[in-house]
Ligand code: ADP
Ligand code: MG
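Residue numbers (the working numbering): -10 to 419.
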């Protein structure tokens, strides 16, 4: 690989996106019928909300670097208020330790959150739990962890019901009144959160530490499903799209894969999400420029570099200095900006192709409006990711792309959990 052809090595053309769309749709079909394939297509027990769900709830959002607890008040008519958000950092020793340490830490955070309130209304103890890992739902408030992703390796959780483990930890902390009313994936929380106020919302996407998506499907299309039926005949399906693997990998992707915790799995996630983009960039720079690179190059740096519009790329220069690359020339800086741009452009075009595949699946002629609710710091903070997705959707769908709205749904994964908890407390179905 050299500097001249690296661009084409990373580019995703329109025909490249079309191939992804075709393969992705075929994997979705297989997943829905229960055939072995890269997409798990997990039925979630959750339907789109009506916007009339009401009450006060606590929502937990756990799925990556940060663990958030929210207090949410649903007012009906599509209106809600998030009264309080508290962030806790999940240290490495918790995400790589034992189940007991992990869930006791979370239960402890909930206890802190509740204690800080002078008076807690009874219904506020119904908790919506967003847990963003591949979980086989076994009910509205129960589900078995299939495997860890995103660097988590907590022992004794795979194969177990995560709600039961959390409830046991809550009991150990002396919080018997706190009840987990719903378990949801973050993509589902994001879809539900936007759908509460927007009836066109039928896709939820996460672009943060990891990446995944869900969408609203007709039960009759989920041919493997013989369980709980919603009254509308529709159910949200968690695609677990991070594991899609029909993608042209470069040698750098191969390196990322081999040194990551799940070699051979989560191929799309490793080419798209925040946990890996910085590392891909680092490997390219190390290889092409023969630079002595630091051990880690954060995806955050790419946002800084790509939004540096100064003539001498001075912000890039000081960032490089900070991470140990002194005396970079303007040509070095231009090159590093180009490489960051290339890596993030590829990620956004793969995401757009996957979104397009889902839209084609539910509405082949694109005859309706669709809102795609997107949460995650990569999407929120990267200077170009959202525009690149929009541009790619225009390339794919032409004028009809105006029927697709992509919207940042900040903290959607948490708010959605509160809405799902509200639905669950009013309608016991299993
Ligand atoms: P999670 O996915 O853990 O719920 P977030 O959605 O907040 O959390 O995503 C965090 C990830 O987003 C970080 O791991 C990092 O890779 C990426 N990230 C954080 N800040 C930025 C930024 N300024 N620009 C691009 N990516 C970022
Ligand atoms: Mg998240």
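Using N, Cα and C, we set each Cβ at its ideal position, and we do this for glycine too.
DSSP bridge partner residues for residue 396 (one or two, in chain order) = As a working mapping, residue 396 is identified with position 407 in the chain shown. Beta-bridge pairing links residue 396 to 362.
Tell me the start and end of each unbroken alpha helix (DSSP H) in the stretch 96 to 146 that is at least 4 residues and wholly inside, in chain order.
-> Segments of the alpha helix (DSSP H) lying fully in the stretch 96 to 146: there are none.
What residue range is occupied by the uninterrupted alpha helix (DSSP H) comprising residue 228?
-> In the chain shown, residue 228 corresponds to position 239, counting from 1. Here residue 228 belongs to no alpha helix (DSSP H), and DSSP marks it neither H nor E.
Closest by C-alpha distance to residue 47, when choosing among 387, 233, 104 and 194 = The residue labelled residue 47 in the question sits at position 58 within the chain shown. Checked all of 387, 233, 104 and 194; the closest Cα to residue 47 is 104.
Go ahead and pull the three-state DSSP assignment for residue 314.
-> Numbered from 1 along the chain shown, position 325 holds the residue referred to as residue 314. For residue 314, the secondary structure class from DSSP, reduced to helix, strand or coil, is coil.
What residue from 162, 328 and 286 has the CA that sits closest to residue 309's CA?
-> Translated into the one-based positions of the chain shown, residue 309 becomes position 320. Of the residues 162, 328 and 286, the one whose Cα lies closest to the Cα of residue 309 is 286.
Is it the case that the CB of residue 195 approaches a heavy atom of ligand 2 more closely than 7 Å?
-> Within the chain shown, the letter at position 206 stands for residue 195. Answer for residue 195: yes, Cβ within range of ligand 2.
Determine the extent of the alpha helix (DSSP H) in which residue 160 is found, giving its start and end residues.
-> Mapped onto the chain shown, residue 160 falls at position 171. Note, residue 160: alpha helix (DSSP H), 151 to 161.
In angstroms with no decimal places, state the Cα-to-Cα distance between residue 365 and residue 29.
-> Along the chain shown, read from residue 1 onward, the residue named residue 365 stands at position 376. Along the chain shown, read from residue 1 onward, the residue named residue 29 stands at position 40. Distance between the alpha carbons of residue 365 and residue 29: 21 Å.
Mind checking whether residue 372 and residue 262 have CB atoms under 8 Å apart?
-> By 1-based counting over the chain shown, the position of residue 372 is 383. By 1-based counting over the chain shown, the position of residue 262 is 273. With respect to residue 262, residue 372 sits apart: the two C-beta atoms are not nearer than 8 Å.
Complete runs of the alpha helix (DSSP H) confined to the stretch 182 to 255 [at least 4 residues] = Those alpha helix (DSSP H) runs which fall completely within the stretch 182 to 255 and span 4+ residues are 240 to 248.
In chain order, which alpha helix (DSSP H) runs of at least 4 residues are fully inside the stretch 262 to 298?
-> Listed in chain order, they are 263 to 278 and 288 to 295.
Would you mind working out which of 228, 322 and 291 sits nearest residue 332, comparing C-alpha positions?
-> Here residue 332 corresponds to residue number 343 of the chain shown, with the count starting at 1. Measuring from the Cα of residue 332, the nearest candidate turns out to be 291.
Residue 237: which of -8, 12, 124 and -9 sits nearest, CA to CA?
-> As a first step, residue 237 is located in the chain shown; it is residue number 248 there, counting from the start. Of -8, 12, 124 and -9, the residue nearest in Cα terms is 12.
Going by C-alpha distance, which of 397, 253 and 349 is nearest residue 369?
-> The residue labelled residue 369 in the question sits at position 380 within the chain shown. Out of 397, 253 and 349, 397 has the C-alpha closest to the C-alpha of residue 369.
Say the cut is 7 Å; is the CB of residue 121 nearer than that to a heavy atom of ligand 2?
-> The residue labelled residue 121 in the question sits at position 132 within the chain shown. Correct: residue 121 has its Cβ closer than 7 Å to ligand 2.
Count the other CB atoms, across all protein chains shown, that sit within 10 Å of the CB of residue 111; report buried if there are 16 or more and exposed otherwise.
-> Reading the chain shown from its first residue, position 122 is the one you call residue 111. Any reading at residue 111 must be qualified, since the residue scores a pLDDT of 47, below 50, and its modelled position is unreliable; the value itself is stated next. Its Cβ having fewer than 16 others within 10 Å, residue 111 is exposed.
Three-state secondary structure assigned by DSSP to residue 29 = Counted from its first residue, the chain shown places residue 29 at position 40. Three-state DSSP puts residue 29 in coil, outside helix and strand.
How should residue 336 be labelled, buried or exposed, when 16 other C-beta atoms within 10 angstroms of its C-beta is the threshold for buried?
-> Here the question's residue 336 lines up with position 347 in the chain shown. Under this definition residue 336 is a buried residue.
Which term fits residue 252, buried or exposed, when burial requires 16 or more other beta carbons within 10 angstroms of its beta carbon?
-> As a first step, residue 252 must be located in the chain shown, where it is residue number 263. It is exposed - the Cβ of residue 252 has fewer than 16 other Cβ atoms within 10 Å.
Evaluate residue 407 with the Cβ neighbour count: other Cβ atoms within 10 Å of its Cβ, from every protein chain shown; 16 or more gives buried, anything less gives exposed.
-> As a first step, residue 407 is located in the chain shown; it is residue number 418 there, counting from the start. With 16 or more other Cβ atoms within 10 Å, it is buried.
Option in 361, 299, -2 and 283 with minimal Cα separation from residue 311 | Here residue 311 is taken as the residue at index 322 of the chain shown, counted from 1. The candidate whose alpha carbon is nearest that of residue 311 is 283.
Please determine if the stretch 164 to 174 and the stretch 114 to 132 are in contact, where contact requires at least 3 C-beta pairs separated by less than 8 Å.
-> With a cut-off of 8 Å on Cβ pairs, the stretch 164 to 174 is in contact with the stretch 114 to 132, counting three or more such pairs.
Who are the Cβ neighbours of residue 31 in its own chain at under 7 Å, not counting the five residues just before and after it?
-> If you number the chain shown from 1, residue 31 lands on position 42. The beta carbon of residue 31 sits closer than 7 Å to the beta carbons of 125, 126, 226, 227 and 229 from its chain, once the five residues preceding and following it are set aside; these are given in chain order.
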